[in-house]
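Trainee: Before we start, here is the structure in question, set down as structure tokens.
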Amino acid sequence: MKNPGPQSGFTLIEVMLALALTGMLLGLLSTGVYIVAEDWNRNSDRLDANLDDAVAILQIDRALQGAFPHSYTNEDTLTRQIYFTGEDDFISWVSAVSPQRTPGLTAWELFTVDDEGVYLALAPAYSDNPAERLSESEPQLILPGYAAEFSYLYEELDESKRWRDDWEAEEYLGLPLAVYVRFEPDDRDREVLEIVARIRNNEHRSIRPNTGLQQGL
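Numbering (the working numbering), first residue to last: 1 to 217.
Here's what the structure looks like:
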């Protein structure tokens, strides 16, 4: 009997090692792909949220710049008044800018709901006080997870300017020179958003001070 020559091939141990290494590499590869996919989805969602926030901020900025000294007759005093009221966490005004791009003046109202975000209410502004229509309209959440703070630029009699925490057009017979809005996020990963909107139509030359106000001065 002749001895067989050397045989080529893999032993069982080598095959098992090769399969184990291949499985390990496939596991690492699938984990890496999953991590990349998760990061991509997370970044895509964040980008979409940032774009939505940017569009909302742009709309608010344009609406504030287009604030209009909308006047109406007070049915109780029968005097002409201008519609614009604001606090440090609330603002309501009439603007020549409409988000639906429909002709006519639109009443805007911005306010914060704790643990929810900034809401916007819209209503058509006719020749009367639009406050009741605004209260009946359905507000929309436009900046979830944010809280809004408002300040109003006022010009003193000596022509010096300062920021106020409130504004009542009935008292000042006009609109503020500008409105500063700060949107503070409740998530540290999101950025603070700010608006400084200069109001071009801040004067209403057709309205004179009420007689009662003149006597009180």
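Cβ atoms here follow ideal geometry from the backbone N, Cα and C, with glycine treated the same way.
1) Buried or exposed for residue 13, going by 16 or more other Cβ atoms inside 10 Å?
2) Which residues bound the alpha helix (DSSP H) around residue 155?
3) Per DSSP, which residues does residue 72 bridge with? Please list them.
4) Considering only the alpha carbon of each residue, which of 80, 197 and 106 lies closest to residue 174?
5) When DSSP builds the beta bridges, which residues end up paired with residue 185?
6) Sort 62, 188 and 185 by Cα distance to residue 201 and report the nearest one.
7) Which residue wins for smallest C-alpha separation from residue 157, given the options 107, 23 and 172?
8) Between the C-alpha atoms of residue 77 and residue 190, what's the straight-line distance to the nearest angstrom?
9) Tell me which same chain residues have a C-beta within less than 6 Å of the C-beta of residue 65, skipping the five on either side of it?
10) From which residue to which residue does the beta strand (DSSP E) around residue 162 run?
11) Would you grab the beta carbon distance between residue 143 and residue 53 for me? Rounded to a whole angstrom, and I think it's under 8 Å.
12) Mapping the DSSP letters down to three states, classify residue 92 as helix, strand or coil.
13) Can you tell me the Cα-Cα spacing of residue 58 and residue 199, whole angstroms?
Mentor: Short version:
1) The residue you call residue 13 lines up with position 13 of the sequence shown. The residue is exposed, with fewer than 16 neighbouring Cβ atoms inside 10 Å.
2) Here residue 155 is taken as the residue at index 155 of the sequence shown, counted from 1. Where residue 155 is concerned, there is no enclosing alpha helix (DSSP H), although the beta strand (DSSP E) it sits in stretches over 146 to 155.
3) Taking the first residue of the sequence shown as position 1, residue 72 is located at position 72. According to DSSP, residue 72 bridges with 81.
4) If you number the sequence shown from 1, residue 174 lands on position 174. If we check each option's Cα against that of residue 174, 80 comes out closest.
5) For this step, residue 185 is matched to residue 185 along the sequence shown. According to DSSP, which records beta bridges pairwise, residue 185 is partnered with 146.
6) On the sequence shown, position 201 is the one that residue 201 refers to. The candidate whose alpha carbon is nearest that of residue 201 is 62.
7) Translated into positions along the sequence shown, residue 157 becomes position 157. Of the listed residues, the one whose Cα sits closest to residue 157 is 172.
8) Here the question's residue 77 lines up with position 77 in the sequence shown. Here the question's residue 190 lines up with position 190 in the sequence shown. Going from the Cα of residue 77 to the Cα of residue 190 covers about 47 Å.
9) Walking along the sequence shown from the start, residue 65 turns up at place 65. The answer, listed in chain order, is 197.
10) Along the sequence shown, one-based indexing puts residue 162 at 162. Per DSSP, residue 162 belongs to the beta strand (DSSP E) from 161 to 164.
11) Position 143 of the sequence shown, counted from the start, is the residue given in the question as residue 143. Position 53 of the sequence shown, counted from the start, is the residue given in the question as residue 53. Rounded, the Cβ-Cβ distance is 6 Å, consistent with contact.
12) Indexing the sequence shown from 1 puts residue 92 at position 92. DSSP places residue 92 in strand when its eight states are reduced to three.
13) The residue labelled residue 58 in the question sits at position 58 within the sequence shown. The residue labelled residue 199 in the question sits at position 199 within the sequence shown. Whole-angstrom Cα-Cα distance: 15 Å.
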